[in-house]
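J.: Residue numbers (this note's numbering), protein chains in the order written: chain X, 1 to 222; chain U, 223 to 422; chain A, 423 to 610. Glycine included, C-beta positions come from ideal geometry on N, C-alpha and C. Below is the structure I would like to discuss, written out as structure tokens.
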Amino acid sequence: MKMIELLQKIDLKIKLAIIAIFLGITAFIISNPFDNSIAKINVKNLAVMVQTEVDHVNVDEIADWIIKDKSDYRLIDLRTEKEFNDYNIPTSENIPITNLLDGELARNEKIVLYSEGGIHSAQAWFLLKAKEYKSVYILRGGLEEWKDRILFPKLISNATPEDKAKFEIASAISRYFGGQPQIVTGSEITLSVANPNPTPKIQAPTGSSIGGAQKKKKREGC
Amino acid sequence: MNAPFFKFDFFSADFSLVIAFAIGIGFGFALERGGFGNARILASQFYFTDMRVLKVMFSAIVTAMLGVFFFVAFGWLDLSLVYYTDTNLIPQVVGGLILGVGFVVGGYCPGTSCVSAATGRIDGVIYLLGVMAGIFVFGEIFPLIEGFYYSSNMGRVFLPDYLGLSYGMIVFLVVLMAVGAFAAAEWGEKKMAAKSGGVK
Amino acid sequence: MSSITGIFSKEAVQEKIHEPKPYSNPYLVGIGLGLVLLAAFIIMGRGLGASGAFSSLVAAGVQQVAPDHAANNPYFKEYIGDGSTNPLKDWLVFEVLGVFVGGLISGLLAHRVKKTVEKGDRISVRNRLIFAFIGGGLMGFGAKLARGCTSGQALTGGALLNLGSWAFMMMVFAGAYGMAYFMRRQWT
Numbered sequence: 001m002k003m004i005e006l007l008q009k010i011d012l013k014i015k016l017a018i019i020a021i022f023l024g025i026t027a028f029i030i031s032n033p034f035d036n037s038i039a040k041i042n043v044k045n046l047a048v049m050v051q052t053e054v055d056h057v058n059v060d061e062i063a064d065w066i067i068k069d070k071s072d073y074r075l076i077d078l079r080t081e082k083e084f085n086d087y088n089i090p091t092s093e094n095i096p097i098t099n100l101l102d103g104e105l106a107r108n109e110k111i112v113l114y115s116e117g118g119i120h121s122a123q124a125w126f127l128l129k130a131k132e133y134k135s136v137y138i139l140r141g142g143l144e145e146w147k148d149r150i151l152f153p154k155l156i157s158n159a160t161p162e163d164k165a166k167f168e169i170a171s172a173i174s175r176y177f178g179g180q181p182q183i184v185t186g187s188e189i190t191l192s193v194a195n196p197n198p199t200p201k202i203q204a205p206t207g208s209s210i211g212g213a214q215k216k217k218k219r220e221g222c
Numbered sequence: 223m224n225a226p227f228f229k230f231d232f233f234s235a236d237f238s239l240v241i242a243f244a245i246g247i248g249f250g251f252a253l254e255r256g257g258f259g260n261a262r263i264l265a266s267q268f269y270f271t272d273m274r275v276l277k278v279m280f281s282a283i284v285t286a287m288l289g290v291f292f293f294v295a296f297g298w299l300d301l302s303l304v305y306y307t308d309t310n311l312i313p314q315v316v317g318g319l320i321l322g323v324g325f326v327v328g329g330y331c332p333g334t335s336c337v338s339a340a341t342g343r344i345d346g347v348i349y350l351l352g353v354m355a356g357i358f359v360f361g362e363i364f365p366l367i368e369g370f371y372y373s374s375n376m377g378r379v380f381l382p383d384y385l386g387l388s389y390g391m392i393v394f395l396v397v398l399m400a401v402g403a404f405a406a407a408e409w410g411e412k413k414m415a416a417k418s419g420g421v422k
Numbered sequence: 423m424s425s426i427t428g429i430f431s432k433e434a435v436q437e438k439i440h441e442p443k444p445y446s447n448p449y450l451v452g453i454g455l456g457l458v459l460l461a462a463f464i465i466m467g468r469g470l471g472a473s474g475a476f477s478s479l480v481a482a483g484v485q486q487v488a489p490d491h492a493a494n495n496p497y498f499k500e501y502i503g504d505g506s507t508n509p510l511k512d513w514l515v516f517e518v519l520g521v522f523v524g525g526l527i528s529g530l531l532a533h534r535v536k537k538t539v540e541k542g543d544r545i546s547v548r549n550r551l552i553f554a555f556i557g558g559g560l561m562g563f564g565a566k567l568a569r570g571c572t573s574g575q576a577l578t579g580g581a582l583l584n585l586g587s588w589a590f591m592m593m594v595f596a597g598a599y600g601m602a603y604f605m606r607r608q609w610t
């Protein structure tokens, strides 16, 4: 009772000052709220995600997104700079795996990772997930799969008409990305003839269209 | 919790305008409550007779700063997704000086003049016209001063990084500084009131 | 006699009701303002602003009058954008509309809405309005140079511990205190 009376007697200003200083000292004790190298992960959650493969993107999906010029995701090439310069999937950005957490990527972005095969991107996926990046995906099969299925699709000579129809589409996509569709007869590989059905001409995506999407973001300041 | 909500697509860009309006109402309401719709009250800050500007501004900064710090500490808020401007030191220093002069000449800053205009102050309305004229002139001569405008760019500079101290340490120092400034302001107001012989 | 005093006191009561209420405790107002700012950070990931809305307005005005001129000006162009959206359909524009409404609501509740000119006793209304325009002009120009005004830089950047904002804030006070002596006839 006496305590309450005493508290009531203290001026509001003083009370507020005491609260502020108390919180300030607490902040001082916490000192650094974002220590970057240690993370806590929900193991069970991640295991379920691995099991259900919700975090995979197929090469044909990516090809489709690039052709449609979608810009709501970022395609990240995890290989070294030299490998990236030799060849990369159009519209991709190069962030070597050691630089992944340096702040290039934001937690609210949709991120698709790829590497040569699939191992590095899977490992990078764990790093990002542990740091609570929201939507991180792995390109299934990596660059190898991209080359196999997108750049150099194959058709065996005794294919069914269905397969042939699919191959026509694949060839169009392949040529779009500058690849070469191939027909396999026995052990020999020959280049396929030009597509008899002219597919609609698609403009190749350029880097500027991605940049344009970024630029559209208006200034946020005062 | 994943904040900022907007950056994690909790709602659409169109809905963000509704939120803008609601936040603006809170902002305007607080400014008016503080007496910031009145140029005489704002100006008296600069004659040491009423230190409301300092008190309101610094308690707002301290409140928001502490809030941000603890939200970050609990892992609820991703500070890297909260937007703030780059530091361009020299243009900002010069701009700040011009703005300070404009503050005492005109009696308002852009936000407070909106409140003053909304509550019927003619000088607030005229002031706003002045602001737009100033922006127009800036835009027109921008090509001439573009070099200066973009000079001394230091990127996004976070004070703790710049000073090499921990985030919590800086927060604590700012709180101490603010409380000290409040104490000085209270003391100064009493002095000024005694000097002018009036009882406030 | 008694009836007269009765009427008088009733009038006095009525007078009292419509008297402007005193302004609130500045520290509590500050905390309220800080919470609004914090809400903006958490919900939107951005702070408050004011002058940016007027930049959009000016840019839109220039675009209306002289579209080619606006498109060629690198500064206005940034506010107009690529033409796919109306420059006035902007976060800050809506926020500032809210500021007008919020200020009006608070003013009405406290009976502080009044058509008047705020000035000291030693200056004419005409001169006060001239100074208001000049001060506004300086403020508009300075705010663009500094990338924000008191709300966008000092408050927002101050709470986020942004170096440029703190330097800016110190300079605002320096500029204002430096100029205060020359402006004393306007205010005291």
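Is A/Asn605 buried or exposed, if buried means 16 or more other CB atoms sit within 10 Å of its CB?
T.: The residue labelled residue 605 of chain A in the question sits at position 183 within the third sequence. The residue you asked about is not Asn; residue 605 of chain A is Met in the sequence shown. Buried, because 16 or more other Cβ atoms sit within 10 Å of the Cβ of A/Met605.
J.: Just list the beta strand (DSSP E) runs in the segment 142 to 166 of chain X, keeping only unbroken ones of 3 residues or longer that don't cross its boundaries, in chain order.
T.: The segment 142 to 166 of chain X contains these whole beta strand (DSSP E) runs: 154 to 156.
J.: Rounded to whole angstroms, what is the Cα-Cα separation between X/Ile29 and A/Lys511?
T.: By one-based count along the first sequence, residue 29 of chain X stands at place 29. By one-based count along the third sequence, residue 511 of chain A stands at place 89. If I take the Cα positions, the gap works out to 44 Å.
J.: Do you know offhand how far U/Ala415's Cα is from A/Lys443's?
T.: On the second sequence, position 193 is the one that residue 415 of chain U refers to. On the third sequence, position 21 is the one that residue 443 of chain A refers to. Approximately 21 Å between the Cα atoms of the pair.
J.: Given that a residue counts as buried once 16 or more other Cβ atoms are within 10 Å of its Cβ, and exposed if not, what is X/Trp146?
T.: Here residue 146 of chain X refers to the residue found at position 146 when the first sequence is read from its first residue. Burial call: buried.
J.: To which residues does DSSP link U/Phe380 through a beta bridge?
T.: By 1-based counting over the second sequence, the position of residue 380 of chain U is 158. DSSP, once it has assigned bridges, lists A/Asn584 as partnering U/Phe380.
J.: For the alpha helix (DSSP H) containing U/Asp236, list its first residue and its last residue.
T.: For the purposes of this step, residue 236 of chain U is taken as residue 14 along the second sequence, with counting starting at 1. Start and end: 235 to 255.
J.: Using alpha carbons as the reference points, say which of U/Ile344, U/Tyr305, U/Asp345 lies closest to U/Gly377.
T.: Looking up residue 377 of chain U in the second sequence gives position 155. Of the listed residues, the one whose Cα sits closest to U/Gly377 is U/Tyr305.
J.: So does A/Gln575 have its beta carbon nearer than 7 Å to some heavy atom of the ligand MG?
T.: Looking for the ligand MG in the displayed structure turns up nothing, as the structure carries no ligands at all.
J.: Does the beta carbon of X/Ile4 sit closer than 8 Å to a beta carbon anywhere in chain U?
T.: Here the question's residue 4 of chain X lines up with position 4 in the first sequence. No, its Cβ sits nowhere closer than 8 Å to a Cβ of chain U.
J.: For A/Ile502, decide whether its Cβ has a neighbour in chain U, counting only Cβ atoms nearer than 8 Å.
T.: Here residue 502 of chain A corresponds to residue number 80 of the third sequence, with the count starting at 1. Closer than 8 Å: no.
J.: If I follow the unbroken beta strand (DSSP E) through U/Asp345, where does it start and stop?
T.: The residue labelled residue 345 of chain U in the question sits at position 123 within the second sequence. That residue, U/Asp345, is in no beta strand (DSSP E); its alpha helix (DSSP H) goes 344 to 371.
J.: Check the Cβ-Cβ distances between X/His106 and every residue of chain U, and say whether any is below 8 Å.
T.: Translated into the one-based positions of the first sequence, residue 106 of chain X becomes position 106. Correcting the residue identity first, residue 106 of chain X is Ala in this sequence and not His. Yes - at least one Cβ of chain U is within 8 Å of the one on X/Ala106.
J.: Determine the DSSP secondary structure at U/Ser374, reduced to helix, strand or coil.
T.: The count along the second sequence starts at 1 and reaches residue 374 of chain U at position 152. In this structure, U/Ser374 counts as coil in the three-state DSSP scheme.
J.: Determine the contact status of X/Ala27 and U/Phe291, defining contact as a CB-CB distance below 8 Å.
T.: Taking the first residue of the first sequence as position 1, residue 27 of chain X is located at position 27. Taking the first residue of the second sequence as position 1, residue 291 of chain U is located at position 69. Going by C-beta atoms, X/Ala27 is nearer than 8 Å to U/Phe291.
J.: With DSSP as the reference, please indicate the residues paired to X/Asp77 in a beta bridge.
T.: The residue labelled residue 77 of chain X in the question sits at position 77 within the first sequence. According to DSSP, X/Asp77 bridges with X/Asn94, X/Tyr114.
J.: Kindly say whether X/Gly212, judged by its beta-carbon, lies nearer than 8 Å to any beta-carbon of chain U.
T.: As a first step, residue 212 of chain X must be located in the first sequence, where it is residue number 212. Interpretation of X/Gly212 is limited by its pLDDT of 35, a score under 50 that renders its predicted location unreliable; the figure taken from the coordinates is listed afterwards. It does not: the Cβ of X/Gly212 has no partner Cβ on chain U nearer than 8 Å.
J.: Would you be able to state if there are at least three C-beta pairs under 8 Å between the segment 559 to 577 of chain A and the segment 312 to 324 of chain U?
T.: At 8 Å Cβ cutoff, the stretches touch.
J.: Among the residues of its own chain, which have a CB less than 6 Å from the CB of U/Gly259, if the five just before and after it don't count?
T.: Counting from 1 along the second sequence, the entry for residue 259 of chain U is found at position 37. Within the same chain, U/Gly259 has close Cβ partners Val337, Ser338, Thr341.
J.: Tell me the rounded alpha-carbon separation between X/Thr98 and X/Ile89.
T.: Taking the first sequence and counting its residues from 1, one reaches residue 98 of chain X at position 98. Taking the first sequence and counting its residues from 1, one reaches residue 89 of chain X at position 89. Rounded to the nearest angstrom, the two C-alpha atoms are 20 Å apart.
J.: In angstroms with no decimal places, state the Cα-to-Cα distance between X/Lys70 and U/Val397.
T.: Here residue 70 of chain X corresponds to residue number 70 of the first sequence, with the count starting at 1. Here residue 397 of chain U corresponds to residue number 175 of the second sequence, with the count starting at 1. If I take the Cα positions, the gap works out to 46 Å.
J.: Residues bridged to X/Tyr137 by DSSP?
T.: For the purposes of this step, residue 137 of chain X is identified with residue 137 of the first sequence, where counting begins at 1. DSSP, once it has assigned bridges, lists X/Val112 as partnering X/Tyr137.
J.: Quick one: list the residues of chain U neighbouring A/Ile545, beta-carbon separation under 8 Å, in chain order.
T.: Residue 545 of chain A sits at position 123 when you count from the first residue of the third sequence. The premise fails here: A/Ile545 is roughly 11 Å from chain U at the closest Cβ pair, so nothing lies under 8 Å.
J.: Note down, in chain order, every chain X residue with its Cβ under 7 Å from the Cβ of U/Phe364.
T.: For the purposes of this step, residue 364 of chain U is identified with residue 142 of the second sequence, where counting begins at 1. Per Cβ cutoff of 7 Å: no residues; U/Phe364 is ~14 Å from chain X at best.
J.: Would you report the Cα separation of A/Gly503 and A/Trp513, rounded to the nearest angstrom?
T.: Reading the third sequence from its first residue, position 81 is the one you call residue 503 of chain A. Reading the third sequence from its first residue, position 91 is the one you call residue 513 of chain A. In a straight line, the C-alpha of A/Gly503 is about 14 Å away from that of A/Trp513.
J.: Beta carbons nearer than 8 Å to chain A: which residues of the segment 399 to 417 of chain U have them?
T.: Correct list: Phe404.
J.: Mind listing the chain X neighbours of U/Phe237? Cutoff is C-beta to C-beta under 8 Å, in chain order.
T.: Locating residue 237 of chain U in the second sequence gives position 15, counting from the first residue. Correct list: empty, because the minimum Cβ distance to chain X is about 16 Å.
J.: Whole-angstrom Cβ separation of U/Phe251 and A/Glu517, contact assumed at under 8 Å?
T.: As a first step, residue 251 of chain U is located in the second sequence; it is residue number 29 there, counting from the start. As a first step, residue 517 of chain A is located in the third sequence; it is residue number 95 there, counting from the start. U/Phe251 to A/Glu517, Cβ: 13 Å. No contact.
J.: From which residue to which residue does the alpha helix (DSSP H) around A/Tyr449 run?
T.: Within the third sequence, the letter at position 27 stands for residue 449 of chain A. Segment 448 to 466, the alpha helix (DSSP H) holding A/Tyr449.
J.: State the DSSP-derived secondary structure class of X/Leu105, mapped to helix, strand or coil.
T.: Here residue 105 of chain X refers to the residue found at position 105 when the first sequence is read from its first residue. The answer is coil: DSSP assigns X/Leu105 none of H, G, I, E or B.
J.: Can you tell me the Cα-Cα spacing of A/Met601 and A/Phe595, whole angstroms?
T.: Walking along the third sequence from the start, residue 601 of chain A turns up at place 179. Walking along the third sequence from the start, residue 595 of chain A turns up at place 173. In a straight line, the C-alpha of A/Met601 is about 10 Å away from that of A/Phe595.
J.: Which residue's Cα is closest to the Cα of X/Asn60: X/Gln123, X/Ile169, X/Glu104?
T.: Taking the first residue of the first sequence as position 1, residue 60 of chain X is located at position 60. Per the sequence shown, residue 60 of chain X should be read as Asp rather than Asn. The option with the nearest alpha carbon to X/Asp60 is X/Ile169.
J.: Examine chain U for any beta-carbon lying closer than 8 Å to the beta-carbon of A/Ala596, and answer yes or no.
T.: Along the third sequence, read from residue 1 onward, the residue named residue 596 of chain A stands at position 174. Judged by the 8 Å Cβ criterion, A/Ala596 is in contact with chain U.
J.: Sort out for me which residues DSSP pairs U/Asn310 with in a bridge.
T.: One-based indexing of the second sequence puts residue 310 of chain U at position 88. Paired residues: U/Asn375.
J.: Entirely within the segment 8 to 75 of chain X and at least 4 residues each: give me those alpha helix (DSSP H) ranges in chain order.
T.: Correct list: 12 to 30, 43 to 52, 59 to 67.
J.: Taking the runs of the alpha helix (DSSP H) that are 4 residues or longer, which of them lie wholly in the segment 526 to 575 of chain A?
T.: List check, alpha helix (DSSP H) in window: 547 to 567.
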